[in-house]
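Right, one structure below, let's go through it.
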Amino acid sequence: MGSMTEPTPESNHRKPLGIRFLEYINGTTLSFKTYQAIVLIVTFFAYASYHATRKTTSIVKSTLDPQSSDLGLQLYPWRITYLQEPARLSWMLGDGWAPFNGSDGTALLGELDVAFLSVYAVGMYFSGHLGDRMNLRIFLTVGMVGTGLFTSLFGIGYWGNIHSFIYYLIVQMIAGLFQSTGWPSVVAVVGNWFGKSKRGLIMGIWNAHTSIGNITGSLVASALLSYGWGWSFVVPGLMIAFIGLVVFLLLPVNPESVGADRDDDELHSPKKIGEGVAQPLLKSETEVKQRAVGFIQAWKIPGVAPFALCLFFAKLVAYTFLYWLPFYLTHTAIDGKYLSSSTAGNLSTLFDVGGVVGGILAGHISDRLNARAITAASFMYCAIPALFFYRSYGHVSLTINIILMFISGLFVNGPYALITTAVSADLGTHSSLEGNSRALATVTAIIDGTGSVGAAIGPLLTGYISGTSWTAVFTMLMAAALIAGLLLTRLVVAEVAEKIEESRSQARSSAPAHEV
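Just so you know, we're using the working numbering here: the sequence shown kicks off at 1298 and counts up by one.
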């Protein structure tokens, strides 16, 4: 059996084709740090493309269901020059698209959201179970190509002149199933390559893919609306299928699969000489034939249940904004003017810009404090006044709307990003698992799957409640943020008690030095 520094022919054979090509061009094997860089970059663009395809529906909503009587663009000159829309788009916005342009159009769009997210949530549990038992590179590739196909099929309805609600419902449900393959897979792969030290900061930066994907999806879909709303689905669909091919060619699932050397990485955690053989955090498949962790066993891991339930309400808030913010902007007068679908789509990206900052900030703070629960709960509590002020004063002017939207995105997406990345990876490598690496995808799927149930319920309720009052929608969101924070109370108390004990221990250990 060959050493880790000199991979065996079998390990070379298992390497993705793109990795073998890079090593051929380079003339030598890739370093561990190079592999880590490839993993971060490939998974970043992979999941960004998932969110780009997911965002398109919210951009096209007000084109399919144009309820606003005033679609004026002439609020500020920069929108006239940069976001001016041709006459054809005005006609589309005026006519809508059956069956969504009827009196129940908003409710039908809400039902599409809940159908997509319900299948996504259920599929998440199965995806995590399968992901721990399959080659994640193949699994992720199939999911991305399938997502691209069915996202494109939704757009095909434009050229096919399809007006059947059942068609769009079925396409969205199957797209949701393929979308569920993404998150457990990418978190499991990243968790395989990175240890716990600075995991919050690294994953906070890496998790910017969610907001970058939302921003990209918004900008692409908005730009293509003038050519027909079908393009807003087909182009993102082709993008994710292409990136899926890149994943197939380049993504190394774990160090063992490519014969990478862990010795200089923090995962290895070597002991001092004479203290025994060092054990890596995630053991090699060649050393131990690990059994994948069962679904019930994963739920019993300390911290999984409270964080999963917290994410239920956190994603309810985040996904309501994801799916309804552009629609809200087109149906709420800002400084007495209504925005068009394209303008609202571009403006809504500022919520995701705030989300990028919030994700990085939450990760960094949680690393410095070594307190995931305290950080997540604090952000959720801060989201409550942010949402209140956005609803109450966002209509005053565009500038105030932008500032309050950015702040809301920061506090709403911060804990969402932290829980779905660093927390999931922490719990997937919990000490109770005794180094078993085959729990990452399952734990990630449980946490994000439970959150996705809330993500389905929020947009569904919004579809019905918004017809009566948007104030009621924001009240629902503030209540959800409060419950999310309260669900972490037990973990927060435990972390606070741990910090107090640590400070007392430090005080006791330093006392003799002062006495001397």
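For each residue, glycine too, the CB sits at the ideal point set by N, CA and C.
- Around the beta carbon of Ala1804, fewer than 16 other beta carbons sit within 10 angstroms, so the residue counts as exposed.
- When beta bridges are read from the DSSP output, Ile1631 appears opposite Lys1634.
- In the three-state scheme derived from DSSP, where H, G and I count as helix and E and B as strand, His1692 is classed as coil.
- Taken through DSSP and simplified to helix, strand or coil, Trp1526 comes out as coil.
- Going by DSSP, Pro1599 is part of no alpha helix (DSSP H) at all; its letter is neither H nor E.
- With respect to the 8 angstroms criterion, Ser1749 and Lys1612 are classified as neighbours on the basis of their beta carbons.
- Ile1662 is positioned such that its CB atom lies no closer than 8 angstroms to that of Ser1346.
- Sequence-distant Cβ neighbours of Ile1704 in its own chain, meaning closer than 7 angstroms and more than five residues away, are Gly1651 and Ala1683.
- Burial check for Leu1774: the Cβ neighbour count within 10 Å reaches 16 or more, so the residue is buried.
- Phe1491 carries a coil assignment under DSSP once its states are collapsed to helix, strand and coil.
- Boundaries cannot be given for Asn1504, as no alpha helix (DSSP H) includes it and DSSP labels it neither H nor E.
- Counting along the chain, Phe1397 sits inside no alpha helix (DSSP H), nor does DSSP assign it H or E at all.
- Nearest C-alpha to Val1486 among Gly1525, Asn1551 and Leu1542: Asn1551.
- Distance from the CA of Ile1657 to the CA of Thr1672, rounded to the nearest whole angstrom, comes to 12 angstroms.
- Close CB contacts of Tyr1625 within its chain, under the 7 angstroms cut and outside five residues either way in sequence, are with Trp1767 (chain order).
- For Leu1535 and Gly1443, the gap between their C-alpha atoms comes out near 11 angstroms.
- If you draw a straight line from the Cα of Ile1762 to the Cα of Gly1399, it is about 17 angstroms long.
- Non-local C-beta neighbours of Ala1412 in its own chain, meaning closer than 8 angstroms and more than five positions away in sequence, comprise Leu1466, Gln1469, Met1470 and Gly1473, ordered along the chain.
- Contact holds between the stretch 1497-1506 and the stretch 1337-1353, because three or more Cβ pairs, one in each stretch, are under 8 angstroms apart.
- Rounded to whole angstroms, the gap between the alpha carbons of Leu1548 and Thr1331 is 12 angstroms.
- By the Cβ-count criterion, Ala1753 is buried, with 16 or more other Cβ atoms from all chains shown falling within 10 Å of its own Cβ.
- Taking all protein chains in view, the Cβ of Gly1457 is surrounded by fewer than 16 other Cβ atoms within 10 Å, so the residue is classified as exposed.
- Ser1645 and Leu1636 have their C-alpha atoms spaced approximately 11 angstroms apart.
- The alpha helix (DSSP H) runs lying completely inside the stretch 1644-1711 and spanning 4 residues or more are 1646-1666 and 1669-1690, given in chain order.
- Across the set Ile1699, Ser1675, Arg1317 and Tyr1690, the C-alpha of Ser1675 shows the shortest separation from the C-alpha of Tyr1713.
- For the pair Val1740 and Ile1631, the Cα-to-Cα distance works out to about 43 angstroms.
- In this structure, the beta-carbon distance from Gly1527 to Gly1633 does not fall below 8 angstroms.
- Under the three-state reduction of DSSP, Asn1432 is assigned to coil, being neither helix nor strand.
- A buried status is given to Ala1557, since no fewer than 16 other beta-carbon atoms sit within 10 Å of its beta-carbon.
- Ala1769 sits exposed, since fewer than 16 C-beta atoms from the chains shown fall within 10 Å of its C-beta.
- Minimum Cα-Cα distance from Pro1756 among the listed residues Ser1328, Ile1335, Lys1796 and Glu1408 corresponds to Glu1408.
- Taking C-beta atoms under 8 angstroms as the contact rule, Phe1530 and Thr1448 qualify, at a distance of about 5 angstroms.
- With a threshold of 16 other beta carbon atoms within 10 Å, Glu1792 meets it and is buried.
- Distances from the alpha-carbon of Met1421 to those of Ala1781, Ala1742 and Val1790 put Ala1742 closest.
- Under the three-state reduction of DSSP, Ala1794 is assigned to helix.
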